[in-house]
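>
In this note's numbering, the protein residues as written are 2 to 115.
Rendered as structure tokens:
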């Protein structure tokens with residue numbers, strides 16, 4: 002299956018790599034250019050045992066790639082989109098700050114709209 006993972010922090014990067022290791026074609030999307038470069042180079046920006054090896058294998062095999070500037074072509078033909086962006090606590094409110102989620106959904110709508 003062809004899929005995207007939007008948000009490549011701890012949860013998203015591990016999910017993207019594992020899905021690619023299972024044979025899926027995955028595009029990981031994140032706004033952090035340094036993180037994207039590190040992941041695309043087969044190096045995790047955080048410690049997770051075995052992740053560097055999976056990243057290196059799946060990127061070399063062409064099943065996993067990362068981008069900080071997604072285009073409609075990156076999403077075309079992909080039947081599944083995982084959104085794994087952060088939802089930190091809103092300052093002074095005690096509720097989740099959904100602004101990152103809303104930006105991710107807006108990006109998806111903009112790029113998927115024919």
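Every residue gets a Cβ at the ideal spot worked out from N, C-alpha and C, and that includes glycine.
Just tell me which of 81, 93, 24 and 14 has its CA closest to the CA of residue 31.
The count along the chain shown starts at 1 and reaches residue 31 at position 30. Per the Cα distances, 14.
> Short of 7 Å in beta carbon distance, which residues of its chain neighbour residue 36, apart from the five on each side in sequence? Order them along the chain.
Here residue 36 refers to the residue found at position 35 of the chain shown. Only 9 and 46 meet the Cβ criterion.
> Assign residue 107 to buried or exposed, taking buried as 16 or more other Cβ atoms, counted over all protein chains shown, within 10 Å of its Cβ.
Position 106 of the chain shown, counted from the start, is the residue given in the question as residue 107. When all chains shown are included, residue 107 counts as exposed.
> Judging by CA-CA distance, which residue of 56, 97, 88 and 104 is the nearest neighbour of residue 24?
Taking the chain shown and counting its residues from 1, the one referred to as residue 24 is at position 23. Per the Cα distances, 56.
> Leaving out the 5 sequence neighbours to the left and right, which residues in its chain are closer than 6 Å to residue 67 when beta-carbon positions are compared?
Along the chain shown, one-based indexing puts residue 67 at 66. Result list for residue 67: 29, 37, 40 and 41, in chain order.
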